[in-house]
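So the sequence shown is numbered by numbering that gives the first Met the number 0: it starts at 0 and just counts up by one.
Virtual Cβ for every residue (Gly too), placed ideally from N, Cα, C.
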Amino acid sequence: MAKMVIIGGSFGGLTAAFELKRLLGNKADVTLLCDVDKFVFVPSLPWLSMGWRTPEEITLPLEKMMTPKGIKFINEEATHVDADKSTVNTKTRAIPYDYLVIASGPALGFSSVPGFGPEGGHTECIFTLEQAMRANKAWNRFLEKPGPVVVGAVQGVSCFGPAYEYVFEVDTELRRRKLRHKTPITFVTSEPYIGHFGIGGLKTSRRIMEDEFASREIRLITNQSVEEFTPDEVRLKDGTKLAFNLAMFAPPMAGVKAVFHIGNPKGFIPVDSNYRHIKYKNIFSVGVAIAIAPPEQTPVPTGVPKTGYMTEHMAKYAAESIASEVLGKSLPQTEPVGALCIMDMGHTAALMKAYPVLPPRKTAELKEGKRFRWAKLAFEKYYLWKISRGLTNLP
Ligand SMILES: Cc1cc2nc3c(=O)[nH]c(=O)nc-3n(C[C@H](O)[C@H](O)[C@H](O)COP(=O)(O)OP(=O)(O)OC[C@H]3O[C@@H](n4cnc5c(N)ncnc54)[C@H](O)[C@@H]3O)c2cc1C
């Protein structure tokens, strides 16, 4: 029986684990290692920060999902991958593997800017469950003392979507509460232009987003780096100072510590078209953990986002590739992954499709409409239903 270890219990790790078990049955001894005991439906974290969701509504217990499928769950942090010995270490044990799937997502780089981040800094973040819960408390305090809001993405960010969603949701909610006239909002981004999203834009995304920010009277500052965050000001590299009562900024990402040494200079894992490590042939990696080169150099550094849809597809390809090798079949031919996601905008939403993710593309689409918001609400319920039953073979 081939011993498979998966690091990470989110979109990539769960999909890989369920697919390996589905494709290989009792030919695979699958262990999922995760530092937290819950699956978090990350796309709903902005809603949680606004008080539109509770943690219970968007999380699932990992052990309860794994055991019925015959997958072993270890709730521990991987501290080091010894790629030469094919072993994953935790504080309590060394776990040997025949195949390893790294789906450990990102380490968040708050140390990149002084005063940045919720822990020891002055800005909120919505990238983890704990951060979003904290951001919700900050939001409730802010509602008692409304004032200027600054939202954005610092230099080096790759995942811009949550900052866009957050600023539109804040704007929508403040209008609902008839507080918008007391709360000037500024959006600061490292993107060369609004709607770039780290993917070189998407069709008319620049025009659509410029109109959207203008119609909501949100001030835009693009192509900018942040010098420092103080308790009540964002200081930009060009000397601009923006006072705030509430600030939420997306951080840059890097690979997590346990796998950093087998990654590129940022710790992201270099993989081939089957999501196999380019040097270590029994290591695969998917999702945010992998290295993807940006489509172009931007004046202020930006990276390429890796969305949930992309991550699931990568995990399916990786599982299929491992299963083929175990069964003595030839490796599957893979296609570049595309992106399909819905960006919430508070009272409306935008459907974004890009295939492949980076230009030149075969298909590209960006459409706005209330119906996409309904689709996003429905997708959350569908995905939680699907993953709680391990039905990763469904679309
Ligand atoms: C706020 C927000 C909103 C988003 N909205 C959307 C959206 O609407 N649509 C969309 O398609 N994508 C969205 N994304 C992107 C999407 O969430 C990611 O693509 C997806 O979460 C990537 O999955 P992953 O498995 O690669 O990594 P992650 O989701 O980051 O999961 C990594 C897992 O590994 C675990 N882990 C980390 N280090 C270790 C370790 N050393 N040992 C053990 N376990 C470890 C973590 O606890 C976690 O379980 C959003 C992202 C954010 C932050």
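{"Query": "Within the segment 252–335, ranges of the alpha helix (DSSP H) (whole runs, at least 4 residues)", "Result": "256–259 and 307–325"}
{"Query": "With 16 other Cβ atoms within 10 Å as the buried cut-off, status of L173", "Result": "buried"}
{"Query": "Sufficient close CB pairs (3 or more, under 8 Å) joining the segment 252–261 to the segment 141–153", "Result": "no"}
{"Query": "Nearest-angstrom Cβ-Cβ length linking T310 and G286, presumed shorter than 8 Å", "Result": "4 Å"}
{"Query": "Terminal residues of the beta strand (DSSP E) in which T413 lies", "Result": "In the structure as shown, the chain starts at 0 and stops at 394, and residue 413 therefore has no counterpart that could be examined."}
{"Query": "Reduced DSSP secondary structure (H/G/I, E/B, other) of I217", "Result": "coil"}
{"Query": "Cβ contact (3+ pairs, closer than 8 Å) linking the segment 292–308 and the segment 110–121", "Result": "no"}
{"Query": "Heavy atom of ligand 1 within 6 Å of Y308 beta-carbon", "Result": "yes"}
{"Query": "Cut-off 8 Å between Cβ atoms - residues of its own chain near E232, not counting five sequence neighbours on either side", "Result": "K240, L241, A242 and F243"}
{"Query": "C-beta contact flag for Y354 and G337 at 7 Å", "Result": "yes"}
{"Query": "Buried versus exposed call for Q332 [16 or more other C-beta atoms within 10 Å across all chains shown]", "Result": "exposed"}
{"Query": "Beta-carbon gap between H121 and P230 smaller than 7 Å", "Result": "yes"}
{"Query": "In DSSP terms, what L99 is bridged to", "Result": "V4 and I282"}
{"Query": "Beta carbon of N281 nearer than 7 Å to that of S320", "Result": "no"}
{"Query": "Cβ-heavy atom distance, S204 to ligand 1, below 6 Å", "Result": "no"}
{"Query": "Span of the beta strand (DSSP E) around G483", "Result": "Look at the range of the chain in this structure, 0 to 394, and you will see that residue 483 is not part of it."}
{"Query": "Environment of E55 [buried if 16+ CB atoms lie within 10 Å]", "Result": "exposed"}
{"Query": "heavy atom of ligand 1 below 6 Å from I268 C-beta", "Result": "no"}
{"Query": "Unbroken stretches of the beta strand (DSSP E), 3 residues or longer, contained in the segment 38–68", "Result": "58–60"}
{"Query": "heavy atom of ligand 1 below 6 Å from G286 C-beta", "Result": "yes"}
{"Query": "Pair within 7 Å by beta-carbon distance, K20 and I70", "Result": "yes"}
{"Query": "I291 Cβ short of 6 Å to ligand 1 heavy atom set", "Result": "no"}
{"Query": "Sufficient close CB pairs (3 or more, under 8 Å) joining the segment 59–67 to the segment 16–35", "Result": "yes"}
{"Query": "Pairwise C-alpha distance: G194 and R426", "Result": "Given a span of 0 to 394 for the chain in the structure shown, any question on residue 426 remains unanswerable."}
{"Query": "N- and C-terminal bounds of the alpha helix (DSSP H) containing N139", "Result": "L128 to E143"}
{"Query": "Neighbourhood of A134 by C-beta distance below 6 Å, restricted to the same chain and skipping five residues each side", "Result": "S48, E123 and I125"}
{"Query": "Cβ-heavy atom distance, D34 to ligand 1, below 6 Å", "Result": "yes"}
{"Query": "A374 beta carbon near ligand 1 (any heavy atom closer than 6 Å)", "Result": "no"}
{"Query": "Heavy atom of ligand 1 within 6 Å of P42 beta-carbon", "Result": "yes"}
{"Query": "Own chain residues within Cβ distance below 6 Å of T86, not counting five before or after", "Result": "A93 and P95"}
{"Query": "Environment of L393 [buried if 16+ CB atoms lie within 10 Å]", "Result": "exposed"}
{"Query": "Residue closest to A246, alpha-carbon to alpha-carbon, out of R176, G116, V299 and K361", "Result": "G116"}
{"Query": "Nearest-angstrom beta carbon gap, S157 and V303 [assumed within contact, 8 Å]", "Result": "6 Å"}
{"Query": "Whole-angstrom C-beta distance between L235 and V187, which should lie under 8 Å", "Result": "7 Å"}
{"Query": "Counted within 10 angstroms of its Cβ, other Cβ atoms place I341 as buried (16 or more) or exposed", "Result": "buried"}
{"Query": "beta-carbon G7 near ligand 1 non-hydrogen atom, thresh 6 Å", "Result": "yes"}
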